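A.B. asks: The structure follows.
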Amino acid sequence: MKKPINNVWIGTDQMENSPEYREATSGEVAQDQFENPRLEATRRDFLKYLGFGMTAATIASCDIPVRKAIPYVSKPDTIVPGVATYFASTFVQGGDYVPVLVKTREGRPIKIEGNSMSPITEGGTSARAQASVLSMYDTSRFDGPFRVRNGQIQRARNYADNAGWEILDGEIRDRLQDARQIRLVSHTILSPSLKSAIRDFKASMPGNTVLVQYDPVSSAAQLDAYESAFGVRAIPHYRFDNANVIVGFNCDFLGTWISPVEYGRQYAMGRKPTTGRMSRHIQVESHMSLTGSNADNRILVKPSQQGQAILALYNAIVGGRGTANLDATTTAKIQAVATELRAARGEALVVSGSNNLYEQQLVIAINRALNSYGSTIETDRWSYQRQGSDQDMARFVTELESGDIDAVIVLDGANPAFDNPWATRIRTALQRNDPEWGDDDASTPLDADEVGDRSEDADVVDENDPGIDPNLVEDPIRARFRNILTISMTGVPTETSQLCEYITPNHHYLESWGDAEAVQGVYSLIQPAIVPIFASVNRFGTRQEGESLLIWAQSDRYDPTAEQPYMNYVMRNWEETAFSAQNRFSSFRSFWDSALHDGIFNGPTSGSLTDFNLGYNASAPVQPQEGEATNEVKPADAVVRSVQDFDESDAVARVTVAVEVENEITFFETVNLGNGVYADNPWLQECPDPVTRTVWGNYLTIPVTWTGGNSYTAYKGLNTEEYKGRADIVELAIGDLAKEITVVRQFGQMPGTFGLALGYGRELAGAPGRAIGQNVGIDVYPWLPLDDNGYVQYYSTEALISDKVDTEEEFASVQYHHTMGLTTTNEGGKVYYNNRTGETETIAGELDADQRQYLEPYNVDEATVMEIGKGMQGGLTDRSIIFQGKFSELGELEEHIAERRAEAQHLNEQTLYPYEEYVKDIYSQGHWWAMHVDLNACIGCAACEVACVAENNVPVVGKYEVSRHHEMKWLRIDRYFYGDVENPRAVYQPMMCQHCDNAPCENVCPVNATQHSDEGANQMIYNRCIGTRYCANNCPYKVRRFNWLDYTTADLFSSNEPELANEDLPFGADNLTRMVLNPDVTVRSRGVIEKCSFCAQRLQAGKLTAKIEKRALRDSDVRTACQTACPTGAITFGDRNNQNGDIPRKLRNPLNYLALEEVNTQSSVFYAARVHNPIESLSEA
1 MKKPINNVWI
11 GTDQMENSPE
21 YREATSGEVA
31 QDQFENPRLE
41 ATRRDFLKYL
51 GFGMTAATIA
61 SCDIPVRKAI
71 PYVSKPDTIV
81 PGVATYFAST
91 FVQGGDYVPV
101 LVKTREGRPI
111 KIEGNSMSPI
121 TEGGTSARAQ
131 ASVLSMYDTS
141 RFDGPFRVRN
151 GQIQRARNYA
161 DNAGWEILDG
171 EIRDRLQDAR
181 QIRLVSHTIL
191 SPSLKSAIRD
201 FKASMPGNTV
211 LVQYDPVSSA
221 AQLDAYESAF
231 GVRAIPHYRF
241 DNANVIVGFN
251 CDFLGTWISP
261 VEYGRQYAMG
271 RKPTTGRMSR
281 HIQVESHMSL
291 TGSNADNRIL
301 VKPSQQGQAI
311 LALYNAIVGG
321 RGTANLDATT
331 TAKIQAVATE
341 LRAARGEALV
351 VSGSNNLYEQ
361 QLVIAINRAL
371 NSYGSTIETD
381 RWSYQRQGSD
391 QDMARFVTEL
401 ESGDIDAVIV
411 LDGANPAFDN
421 PWATRIRTAL
431 QRNDPEWGDD
441 DASTPLDADE
451 VGDRSEDADV
461 VDENDPGIDP
471 NLVEDPIRAR
481 FRNILTISMT
491 GVPTETSQLC
501 EYITPNHHYL
511 ESWGDAEAVQ
521 GVYSLIQPAI
531 VPIFASVNRF
541 GTRQEGESLL
551 IWAQSDRYDP
561 TAEQPYMNYV
571 MRNWEETAFS
581 AQNRFSSFRS
591 FWDSALHDGI
601 FNGPTSGSLT
611 DFNLGYNASA
621 PVQPQEGEAT
631 NEVKPADAVV
641 RSVQDFDESD
651 AVARVTVAVE
661 VENEITFFET
671 VNLGNGVYAD
681 NPWLQECPDP
691 VTRTVWGNYL
701 TIPVTWTGGN
711 SYTAYKGLNT
721 EEYKGRADIV
731 ELAIGDLAKE
741 ITVVRQFGQM
751 PGTFGLALGY
761 GRELAGAPGR
771 AIGQNVGIDV
781 YPWLPLDDNG
791 YVQYYSTEAL
801 ISDKVDTEEE
811 FASVQYHHTM
821 GLTTTNEGGK
831 VYYNNRTGET
841 ETIAGELDAD
851 QRQYLEPYNV
861 DEATVMEIGK
871 GMQGGLTDRS
881 IIFQGKFSEL
891 GELEEHIAER
901 RAEAQHLNEQ
911 TLYPYEEYVK
921 DIYSQGHWWA
931 MHVDLNACIG
941 CAACEVACVA
951 ENNVPVVGKY
961 EVSRHHEMKW
971 LRIDRYFYGD
981 VENPRAVYQP
991 MMCQHCDNAP
1001 CENVCPVNAT
1011 QHSDEGANQM
1021 IYNRCIGTRY
1031 CANNCPYKVR
1041 RFNWLDYTTA
1051 DLFSSNEPEL
1061 ANEDLPFGAD
1071 NLTRMVLNPD
1081 VTVRSRGVIE
1091 KCSFCAQRLQ
1101 AGKLTAKIEK
1111 RALRDSDVRT
1121 ACQTACPTGA
1131 ITFGDRNNQN
1141 GDIPRKLRNP
1151 LNYLALEEVN
1161 TQSSVFYAAR
1171 VHNPIESLSE
1181 A
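Residue 328 in the UniProt record's numbering is what sits at position 328 of the sequence shown, and the numbering runs on without skipping anything.
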């Protein structure tokens, strides 16, 4: 494909402008929307065969469920019905860290907001943090302790008596006292109090206790590299806001790497073109990541050549000590990048997502030569957000296989039987440990004698034993495995929990006490926003993992008689450490109350609370007496070596030389679903990947122009019966393992490379009948190789792809949904743009070789300005949807936008109803609400999208309905490409209801269900709507959603509704799940149109607050859900009539424009144009 000069596009079909695409996108709605292909008969046939009378009689015979209203007589003092209460807490899960405010209504959490007092995130959130509130109401959560036999989760009979946890605790405590080698397996632990509990547990155990920390997406090589350079095994604190030139090597720091919410905020601070400052960002990668899509320049390098690219940059900046094995073109590009970095010395930053020790050491040396330490890299404040060790994990697996471990305790969140390359070996080892506890009555617990002989001479069990895998009978040490104590502390069923003997479920973080230290000296608290849900269900309930460890250890530092024992433990830990590190408060109680209120405590950078060395290399600590400090040496307190003394010569000599292979594949983490821990969260499953725009699965991304000897149709996303929801399936083979996977063509994918996301393919992600994330996509972890130093490698050079083997019928992608126009064409053929004349031409048939040199497809959908050029859409010329330009040509871009807006406004003035008079009559007094979206700050992270779902009770529809174009998102993030087809840039545009003052939807509704308020908001009256969908057809922005089915299960007969994935009862029908619903927002049912409301409920709450306080309404009183969630501050909401507010100030930006302003909708949502700052020698656009 040739590069279009003046166009923006969303996919290959739009660029090709095929007849099928034009036909499919010419309609307002998808064909055959009403019929369900899963049914052989239509609804008309159903009525014809059964008759209305029989159907009515059947319905009449159904009992209406009894629903009772219980008066709220005795209420807690802190809860006022109808008024939200907020608790400061911290979201820590799956490698993520976000300080949050938890919004509760009548005692139940319903929404997550960012904590603006955090110096790390400053109020930003992520899609995962927003969706975390739903996981608390997961119907698959364990409601108490269990034992597992033959993979079946069962509750022992005598656990149900009044003793509750006591019997289980006694059994485990006795087993632990006999254990010689104990291993605690966990993801990175940020909690100082939990590590203190582990230290107390370790000190009380007679055996050797070791904490094994690992990260599913490992940074072990980076940690070890910094230890070799600084003497501290930690990641430094990066400051992207201080950098004028940023270079990333396969490092998705805006999406998934280390601290994306923090880095996104910093990144946006340096990308403000109207202030005169615009950082320059160059990304080196093979597949298009979220960070790469935001870069000014992308250099495509195969994953196996990344080390050579880093070496080439090192040679160019530090001085050549080695020879990089790169082609001449790539070498020249690296040289150009080195020139930029040298010019920005002291304000430059180079980062790498590689898990290769030598590559990370070279990056350290490059940053040293650029004087980055102390400016863009802080080494006096280390980050603890990654602490895992690949070598420790490998050692643990070897011990487990050899039978040298007596007890394994897996902490909550960790899933070692799934989320790492050793998972298959771990599963095999744990399957050997399937004891026959008790007799045929599985509810009888084991006696001490029944545990069996622990000696190496124990007899091998009978091969006919039904509880043992027959493939393992020949194992000579198998008898020893049958006696390992295995405990899982997970709160939900996982692949690991079903292989453990005991399940002792942890609280959800919204029910917990705890703390976190993500960055040295910055401490945050975790406090419960609700009483543990299952505590009132029975005598079981869940229990915090730290508390369980302290109970089993019988620690003197833990008081089980306290009303909230673990809270007291956390307080005691803070009093002994954090309180003594400050001088603001004289009493601990005042200090604690302040920290609990703020959720944050900023301590000194000289020390740390969390750096206990509890791994394999730890010396046995001395248990401190009351008021005494531990004898352990913390890395943060160690003497930091000077980076100037670091010798990287060994790394230069040992960087891997790439081996030329035909195809390579990169494994990456998706922005929304992460490493797999969120697989059972439907809000995240249905949140589109920002780049591929796919949902409900992982897919193999292939280059747009690659065929591999095959002519893959790939996904067309058309509303025709031939193409709708269909995509090609191939077989991907790496080594001896082959799996089938759907292919997706991806712009910006380097030829000869593929991409595939981690975290999918969970075999157990929820309880049977409620497993939302089970068998969604394929498991990639078994394909992860190790390098020569034992580090996990996130690419493979052994990828083989077959011809098409099948077709996926329900492929779910939103890439072509709700597009706002068509590619220009007419009966004479396709319309092309002539580079030489600057005019359009209509050409019938295919272009010859000469014509391809100066004619490009005149793709006009979502396109207007490309390098200050013009486009058109359908029958309307110059559609203003996306504006973009270069920072070096900022003045021209501003002038062009002003000219275009003046033309549109002149056109709009030719009317019998002058807009200015309307504004004067309606908005001269009171409020006039508007929104501003800065496309230069929007990075496409989707935090706003999930926040909108949580705030407004937006339903989840499932993969099948998404494949039918029925998704219900009020706010979507459109992704557009521009520039070089082989290596384009991308721009993200949040698109919600534009709340037009001249709204086309309002005057076509026959029942006046949609109308305009006197404050500028387009409103929906749900009980008037009869579902004609005229408004959706007439909306040029395609932002209205129709409930084709009862997705919220608001109907009394919820069992009639289709399931999302694998659940027995439709999602949302369970009362526990429905606790997440916002009571301020109506739950819509089938046949109703819905859309963005500018968070009308928040507007009303803000007005009531101002009225109670007897003052005028301020902008800070009203913040929409999308606005509060955004980590980069891209969205602003406020009153246009408040001249001192944020909106009037934002509207003075010369880069502002209205989407489709020429259509005269008079939108209330303004956009600021996208500006990029490329290195001209690298940019062909």
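The C-beta atom is built at its ideal place from N, Cα and C for all residues, glycine as well.
Computed from a prediction, not measured in an experiment: that's the story for all the values here.
Let me check understanding here. Comparing Cα to Cα, which of V657, H896 and A295 lies closest to L1151?
C.D. replies: On the sequence shown, residue 1151 is found 1151 positions in, with the first residue counted as 1. Here the closest residue by C-alpha is H896.
A.B. asks: Helix, strand or coil for I665? Go by DSSP, reduced to three states.
C.D. replies: Indexing the sequence shown from 1 puts residue 665 at position 665. Correct three-state label for I665: strand.
A.B. asks: Helix or strand or just coil, what does DSSP make of P1000?
C.D. replies: By one-based count along the sequence shown, residue 1000 stands at place 1000. It is coil, neither helix nor strand.
A.B. asks: Between which residues of its own chain and N250 is the CB-CB distance below 6 Å, once the five residues before and five after are set aside?
C.D. replies: Position 250 of the sequence shown, counting from 1, holds the residue named residue 250. Taken in chain order, the residues that qualify are E285, Q306 and G353.
A.B. asks: Beta-carbon separation of P303 and E664 under 8 Å?
C.D. replies: Along the sequence shown, one-based indexing puts residue 303 at 303. Along the sequence shown, one-based indexing puts residue 664 at 664. Cβ distance < 8 Å, so P303 and E664 count as in contact.
A.B. asks: Just checking my contact of L370 with R395 at CB under 8 Å: how many whole Å lie between their CB atoms?
C.D. replies: Taking the sequence shown and counting its residues from 1, the one referred to as residue 370 is at position 370. Taking the sequence shown and counting its residues from 1, the one referred to as residue 395 is at position 395. Incorrect: roughly 36 Å between the Cβ atoms, too far for contact.
A.B. asks: May I ask you to list the residues that DSSP assigns as paired with E378?
C.D. replies: As a first step, residue 378 is located in the sequence shown; it is residue number 378 there, counting from the start. Beta-bridge pairing links E378 to H237.
A.B. asks: Output the boundary residues of the beta strand (DSSP E) element that contains M1020.
C.D. replies: Indexing the sequence shown from 1 puts residue 1020 at position 1020. Unbroken beta strand (DSSP E) run through M1020: N1018 to M1020.
A.B. asks: Using 8 Å as the cut-off, can you tell me whether the segment 733-748 makes contact with the segment 973-989, which would need three or more C-beta pairs spanning the two stretches below that distance?
C.D. replies: With the cut-off at 8 Å, the segment 733-748 and the segment 973-989 touch.
A.B. asks: Do three or more CB pairs link the segment 931-946 to the segment 1009-1022 at distances below 8 Å?
C.D. replies: They do not touch, by the three-pair rule.
A.B. asks: Within 10 angstroms of its Cβ, does E1176 collect 16 or more other Cβ (buried), or is it exposed?
C.D. replies: The count along the sequence shown starts at 1 and reaches residue 1176 at position 1176. Looking at its Cβ environment, which holds fewer than 16 other Cβ atoms inside 10 Å, E1176 is exposed.
A.B. asks: So, using beta-carbon positions, are residue 1187 and V492 closer together than 8 Å?
C.D. replies: Outside the shown range of the chain, which is 1 to 1181, sits residue 1187, and nothing can be said about it.
A.B. asks: Whole angstroms is fine: what's the gap from L1178's alpha carbon to N297's?
C.D. replies: Taking the sequence shown and counting its residues from 1, the one referred to as residue 1178 is at position 1178. Taking the sequence shown and counting its residues from 1, the one referred to as residue 297 is at position 297. Between L1178 and N297, the C-alpha separation is close to 7 Å.
A.B. asks: Kindly give me the distance between the Cβ atoms of A490 and E501, rounded to whole angstroms, as I take these residues to be in contact under 8 Å.
C.D. replies: Working through the sequence shown from its first residue, we reach residue 490 at position 490. Working through the sequence shown from its first residue, we reach residue 501 at position 501. The residue you asked about is not Ala; residue 490 is Thr in the sequence shown. Actually they are not in contact, since the Cβ atoms of T490 and E501 sit about 14 Å apart, beyond 8 Å.
A.B. asks: Pick out the complete alpha helix (DSSP H) segments inside the segment 68-138, 4 residues or longer, and give them in chain order.
C.D. replies: As far as the segment 68-138 is concerned, its whole alpha helix (DSSP H) runs of at least 4 residues are 127-136.
A.B. asks: By how many angstroms is the C-alpha of I1131 removed from the C-alpha of P1000?
C.D. replies: Stepping through the sequence shown from its first residue, residue 1000 is reached at position 1000. Stepping through the sequence shown from its first residue, residue 1131 is reached at position 1131. Roughly 25 Å separates the two Cα atoms.
A.B. asks: Are the Cβ atoms of W683 and V519 separated by less than 8 Å?
C.D. replies: Within the sequence shown, the letter at position 683 stands for residue 683. Within the sequence shown, the letter at position 519 stands for residue 519. No; because the gap between Cβ atoms is not below 8 Å, this pair is not in contact.
A.B. asks: Excluding the 5 residues flanking E722 on each side, which residues of the same chain have their C-beta closer than 6 Å to its C-beta?
C.D. replies: For this step, residue 722 is matched to residue 722 along the sequence shown. Reliability of the predicted coordinates at E722 is poor, the pLDDT of 47 falling under 50, and no value is obtained from them.
A.B. asks: R543 to D169, Cα distance in whole Å?
C.D. replies: Position 543 of the sequence shown, counted from the first residue, corresponds to residue 543. Position 169 of the sequence shown, counted from the first residue, corresponds to residue 169. Cα-Cα distance, rounded: 12 Å.
A.B. asks: Check for me: the alpha helix (DSSP H) holding Y913 runs from which residue to which?
C.D. replies: Locating residue 913 in the sequence shown gives position 913, counting from the first residue. Taken as a continuous stretch (DSSP letters only), Y913 belongs to no alpha helix (DSSP H), as it is neither H nor E.
A.B. asks: Report yes if the C-beta distance between residue 1204 and N355 is below 8 Å; otherwise report no.
C.D. replies: Any question about residue 1204 goes unanswered here, given that the chain covers just 1 to 1181.
A.B. asks: According to DSSP, simplified to helix, strand and coil, what is T630?
C.D. replies: Within the sequence shown, numbered from 1, the residue matching residue 630 stands at position 630. Interpretation of T630 is limited by its pLDDT of 42, a score under 50 that renders its predicted location unreliable; no figure is taken from the coordinates.
A.B. asks: From S619 to I258, what does the alpha carbon distance come to, in whole angstroms?
C.D. replies: Stepping through the sequence shown from its first residue, residue 619 is reached at position 619. Stepping through the sequence shown from its first residue, residue 258 is reached at position 258. Residue confidence for S619 is low, a pLDDT of 45 falling below 50, so the modelled location carries little weight and cannot support an answer.
A.B. asks: Roughly how many whole angstroms lie between the Cα atoms of F87 and Y509?
C.D. replies: As a working mapping, residue 87 is identified with position 87 in the sequence shown. As a working mapping, residue 509 is identified with position 509 in the sequence shown. Looking at the two C-alpha atoms, the distance is approximately 12 Å.
A.B. asks: So what's E899 in DSSP terms, helix, strand or just coil?
C.D. replies: The residue you call residue 899 lines up with position 899 of the sequence shown. Note: E899 maps to helix in three-state DSSP.
A.B. asks: Using 10 angstroms around the beta-carbon of N1008, count the other beta-carbons present and answer buried if the total reaches 16, otherwise exposed.
C.D. replies: Taking the sequence shown and counting its residues from 1, one reaches residue 1008 at position 1008. That one is exposed.
A.B. asks: If you follow the alpha helix (DSSP H) that F585 is in, where does it begin and where does it stop?
C.D. replies: The count along the sequence shown starts at 1 and reaches residue 585 at position 585. No alpha helix (DSSP H) contains F585, which DSSP labels as neither H nor E.
A.B. asks: Taking C-alpha atoms, which residue in L764, E669 and G541 lies nearest to P145?
C.D. replies: For the purposes of this step, residue 145 is taken as residue 145 along the sequence shown, with counting starting at 1. Ranking the options by Cα distance to P145, first place goes to G541.
A.B. asks: Straight-line CA distance for C944 to A1121?
C.D. replies: The sequence position of residue 944 within the sequence shown is 944, counting from 1. The sequence position of residue 1121 within the sequence shown is 1121, counting from 1. Going by the C-alpha atoms only, they are around 7 Å apart.
A.B. asks: Using the Cβ count rule (16 or more neighbours within 10 Å means buried), how would you classify A295?
C.D. replies: Taking the first residue of the sequence shown as 1, we reach residue 295 at position 295. Result: buried.
A.B. asks: Suppose you measure from the CA of V1171 to the CA of E106; what does that come to, to the nearest Å?
C.D. replies: Here residue 1171 corresponds to residue number 1171 of the sequence shown, with the count starting at 1. Here residue 106 corresponds to residue number 106 of the sequence shown, with the count starting at 1. Going by the C-alpha atoms only, they are around 45 Å apart.
A.B. asks: Give the range of the beta strand (DSSP E) segment to which K804 is assigned.
C.D. replies: Taking the first residue of the sequence shown as 1, we reach residue 804 at position 804. Start and end: A799 to E808.
A.B. asks: Curious, which full-length alpha helix (DSSP H) runs of at least 4 residues does the segment 371-427 contain?
C.D. replies: Those alpha helix (DSSP H) runs which fall completely within the segment 371-427 and span 4+ residues are 390-402.
A.B. asks: If I follow the unbroken beta strand (DSSP E) through E517, where does it start and stop?
C.D. replies: Your numbering for residue 517 matches position 517 in the sequence shown. First-last of the beta strand (DSSP E) with E517: G514 to V519.
A.B. asks: Counting Cβ pairs, one atom from each stretch, are 3 or more of them under 8 Å apart for the segment 1147-1165 and the segment 877-893?
C.D. replies: Judged by Cβ distances under 8 Å, the segment 1147-1165 makes contact with the segment 877-893, as three or more pairs qualify.
A.B. asks: Going by beta carbon distance, what residues of the same chain come within less than 7 Å of V570, once the five residues before and after it are set aside?
C.D. replies: Looking up residue 570 in the sequence shown gives position 570. Contacts found: S193, W513, G514 and D515.
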